[in-house]
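Below: the structure, in structure tokens.
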Amino acid sequence: METAGPRTRAAARLGAHATREEQRKRRPVRRWQRRRIGEEQEEAVFREVVSFTRDPLPARYYDKDTTKPISFYLPSLEELLAWTPDAEDSFNVALEPLKCRQPPLSSRRPRTLLCHDMMGGYLDDKFIQGSAAQNPYCFYHWQCIDIFVYFSHHLVTIPPVGWTNAAHRHGVCVLGTFIAEWKEGGRLCEAFLAGDERSYQAVADQLVLIAQFFRFDGWLINIESSLSLAAVGNVPPFLRYLSTQLCRQVPGGLVLWYDSVVSSGQVMWQNELNEQNRIFFDSCHGFFTNYNWREEHLDRMVAQAGERRADVYVGVDVFARGNVVGGQFDTHKSLELIRKHGFSAALFAPGWVYECLEKRDFFQNQDKFWGLLGRYLPPHSICSLPFVTSFCLGMGTRRVCYGQEEAVGPWYHPSAQEIQPLFAEHRPEGDGQGWVKTHCCLEDAWNGGSSLLIRGVIPPDVGHVAVRLFSLHVPVPPKIFLSMVYKLEGPSDVGVALELTTGDAGSCHVGGISTLSAEASSRHSPRPLRVPPTKLARWVGHCGQQLSGGWVQRCYEVNLRGCVLQDLWVSFSRPPGSREQEAFVCRLGELQVVDANSLLSPLPRVQAISVSRVRWQRAAPEEEEEEEEEEEEEEEEEEERRPARLRLSCALHWSYPLSHIRCFRIHCCRATGSPAEGPPGPEKPALLGLAFVNQYRVVDLAVAAAGPGTDGRVEFLVEPVSREGFLVPKAEWGRAALLYSWPHA
Numbered sequence: 001m002e003t004a005g006p007r008t009r010a011a012a013r014l015g016a017h018a019t020r021e022e023q024r025k026r027r028p029v030r031r032w033q034r035r036r037i038g039e040e041q042e043e044a045v046f047r048e049v050v051s052f053t054r055d056p057l058p059a060r061y062y063d064k065d066t067t068k069p070i071s072f073y074l075p076s077l078e079e080l081l082a083w084t085p086d087a088e089d090s091f092n093v094a095l096e097p098l099k100c101r102q103p104p105l106s107s108r109r110p111r112t113l114l115c116h117d118m119m120g121g122y123l124d125d126k127f128i129q130g131s132a133a134q135n136p137y138c139f140y141h142w143q144c145i146d147i148f149v150y151f152s153h154h155l156v157t158i159p160p161v162g163w164t165n166a167a168h169r170h171g172v173c174v175l176g177t178f179i180a181e182w183k184e185g186g187r188l189c190e191a192f193l194a195g196d197e198r199s200y201q202a203v204a205d206q207l208v209l210i211a212q213f214f215r216f217d218g219w220l221i222n223i224e225s226s227l228s229l230a231a232v233g234n235v236p237p238f239l240r241y242l243s244t245q246l247c248r249q250v251p252g253g254l255v256l257w258y259d260s261v262v263s264s265g266q267v268m269w270q271n272e273l274n275e276q277n278r279i280f281f282d283s284c285h286g287f288f289t290n291y292n293w294r295e296e297h298l299d300r301m302v303a304q305a306g307e308r309r310a311d312v313y314v315g316v317d318v319f320a321r322g323n324v325v326g327g328q329f330d331t332h333k334s335l336e337l338i339r340k341h342g343f344s345a346a347l348f349a350p351g352w353v354y355e356c357l358e359k360r361d362f363f364q365n366q367d368k369f370w371g372l373l374g375r376y377l378p379p380h381s382i383c384s385l386p387f388v389t390s391f392c393l394g395m396g397t398r399r400v401c402y403g404q405e406e407a408v409g410p411w412y413h414p415s416a417q418e419i420q421p422l423f424a425e426h427r428p429e430g431d432g433q434g435w436v437k438t439h440c441c442l443e444d445a446w447n448g449g450s451s452l453l454i455r456g457v458i459p460p461d462v463g464h465v466a467v468r469l470f471s472l473h474v475p476v477p478p479k480i481f482l483s484m485v486y487k488l489e490g491p492s493d494v495g496v497a498l499e500l501t502t503g504d505a506g507s508c509h510v511g512g513i514s515t516l517s518a519e520a521s522s523r524h525s526p527r528p529l530r531v532p533p534t535k536l537a538r539w540v541g542h543c544g545q546q547l548s549g550g551w552v553q554r555c556y557e558v559n560l561r562g563c564v565l566q567d568l569w570v571s572f573s574r575p576p577g578s579r580e581q582e583a584f585v586c587r588l589g590e591l592q593v594v595d596a597n598s599l600l601s602p603l604p605r606v607q608a609i610s611v612s613r614v615r616w617q618r619a620a621p622e623e624e625e626e627e628e629e630e631e632e633e634e635e636e637e638e639e640e641r642r643p644a645r646l647r648l649s650c651a652l653h654w655s656y657p658l659s660h661i662r663c664f665r666i667h668c669c670r671a672t673g674s675p676a677e678g679p680p681g682p683e684k685p686a687l688l689g690l691a692f693v694n695q696y697r698v699v700d701l702a703v704a705a706a707g708p709g710t711d712g713r714v715e716f717l718v719e720p721v722s723r724e725g726f727l728v729p730k731a732e733w734g735r736a737a738l739l740y741s742w743p744h745a
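Going by UniProt numbering, 525 is the number at position 525 of the sequence shown; the sequence numbering is gapless.
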């Protein structure tokens, strides 16, 4: 019988997440009442007496300057071993499970790993609820990679949740980093590796617990400190134990070892897999080589790796430091040799295009870099529904919601990045005059902060040109609903159509679409609907109509049986009667592919919304915060010193099944009034931000101070956005009002 060990105890700690300490931190301010608004909506009401005394926020979880929730790392072995799930940790838990994909990561196809090392890590990406960063780094070529490693030089690098959400949405697994360096790293490793198995198992158990709790997929283990014989002897069992326990708790979990320490315990980078480091490779899921290799290293590794060639990730330093092959805009030279020998590739620090080149040319340089690698990076396919994207990069210069501008100003929120296409240039066969190119576009958006810009030319002798946007492998339900929102720039009669490719042609029966040609019988063009299906009208009431901002929506309903949806294309056809070359510029705002029957299911409501951890500040910048001891002395003067405006920070919590949502949009309405008067009249809600968990921290919200004998009032609204990408009726939103007043004299 298996005895209860460190892993069991760690799991018990995870199961005991709702501790008394957590309940204390989430304890709401005193509830006043629950008020009904209309026939279908309820509002929870809380009361608060304004006080400038603050409970301190734990520094690990909140930015010291802004008090915004942040992702964090663990800098020491003591902190790693002491970590247990806390209420504050919930902010950093990924919403998105790892999407299934084809081929699966377990296949023997060579893979591509991206190791993100940028300026020490935890930059603007650490802000869980986003920031107002200008010109941040943004990665969007997800369909070209398989594994994303977040790297820093802290002992335990926990990936910021925004990266995990964005990667998982694209079927890319995410690894954190465990790194020990220099003399201090050596002392640390001796502490847990040189003893008995209980020491290294305790470390492994914590690493598993962290990955499981925060919902990422594993670890890169990088020990670059010399080890004693006793310590290095325990590295293989440590790796085996970590790999085994991780796969038990995290399906598809990965543990990779970096080429540094050899079996003697010395740090000797080999730049290859060989007999001096093979024992570590045999103890985990993969091996990440150092960067100073030559082709002869690859030749030797073919025999060493055997059938596990895809588990050898040949390191490529994109900065081209040292004696390396390729790097920078010559990185494709490295990839050519790596793929020639059948190995996987590990691209280290491709943020070089951001760090070292002009920021104003970032998107152009990013597309150039990945475009040069394209032939060596076979895309993987997404294989689940719903498939919905607005092409938002998780950043922008303004915020747009379904064509309506909500806010102007820079923003950056990696969790808000939606599924990105295959950025490519397509040229039809022939004289080469026709072409189609796709680019990111921050200048206009349908939903979020960006759209997809498609430019092209239809040559005189061709009826249409098309570009493949997505590679899919989706066994589809009997009836699917598709939607495309687009906008043509300038006066143009060019036709825009959505096309799809189906597989399993022998048994696939397709209804509601026309086949393009006999030669391409698996590629089809659905017929647009003039009006939406009656049962779906509440969701898609604008099919075929001009929308705000010049956008147009096309809707399609397709009946399928025994089919696999493989690709999504957009085609552009010349106007009827035209014989001239036709140039076009199109912005694509949204694509949806959903199970039509899923739209008939009733939606849950946001429930149990609460307001807690309320903090007040005077809004006037010249007024400094008083120390607690001063407040008692100045209590008598408080009446005269009450500010006209306040800044409110608080925590919102609610209950909602996260498997149903894409995100939550958090709004507020501000007013003053008396409790007896009831809530004020309608006011347009102001967007505060997005949440990807069942909680949100409101930070420094400007509100009017309550007057004598009256209550100030601020209402918070939690709007769920369905996974299918449709607006949810307000009756399903969560509502909570906070009434606040000055202390009685």
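By construction, the Cβ of each residue, glycine as well, lies at the ideal position given by its N, Cα and C atoms.
Here the structure is a predicted model, which means the values were calculated and not measured.
Taking only three categories from DSSP, how would you classify residue i?
i	result
V721	strand
G185	helix
N559	strand
H660	helix
S415	helix
P69	strand
A445	coil
L357	coil
K730	helix
Q581	coil
A59	coil
R735	strand
D89	helix
L298	helix
Given a threshold of 16 other Cβ atoms within 10 Å of its Cβ, counted over all protein chains shown, does residue i qualify as buried or as exposed?
i	result
S225	buried
W742	buried
M484	buried
A82	exposed
Q607	exposed
Rank the options by C-alpha distance to the C-alpha of residue i and give the top, closest one.
i	options	result
G463	A497, V476, L453, K487	A497
Y656	R645, G322, R605, W551	R605
E454	K479, F423, P428	Looking at the sequence shown, residue 454 is not Glu but Ile. It is F423 whose Cα lies nearest to the Cα of I454.
S471	R527, V570, R561, K68	V570
G495	G503, T502, Y486, T501	Y486
P475	S381, H141, H524	S381
E336	R375, P528, A305	R375
V585	I458, L603, H524, L560	I458
Y291	D282, E307, L273	L273
Based on the DSSP output, what are the partners of residue i in its beta bridges?
i	result
V703	L646
I666	G689, V718
M484	R554, L591
F348	C115, D317
H332	Paired residue(s): none; H332 is not in a bridge.
G176	W219
L74	V156
V496	F572
T472	In the sequence as displayed, the identity of residue 472 is Leu instead of Thr. According to DSSP, L472 bridges with I382.
S741	V49
Y696	L652
V261	V267
A466	S571
What residues in its chain sit with their C-beta under 7 Å from that of residue i, if we drop five residues either side in the sequence?
i	result
K76	For the sequence presented, residue 76 should be read as Ser rather than Lys. Closer than 7 Å at Cβ, skipping near neighbours: L155.
D124	S131, A133, P136, Y412
A230	A194
Only counting the same chain, and skipping five residues up and downstream in sequence, which positions put a Cβ closer than 6 Å to that of residue i?
i	result
S344	P110, R111, A310, Y313
Q212	Q249, V250
P575	D493
Excluding five sequence neighbours on each side, which residues of the same chain lie with their C-beta closer than 8 Å to the C-beta of residue i?
i	result
G342	P110, V302, R309, A310
A191	L77, S199
T164	A94, E96, V174, F214, R215, F216
residue 748	The requested residue 748 is not part of the displayed model; the chain covers only 1 to 745.
G186	A180, S225, S226, L227
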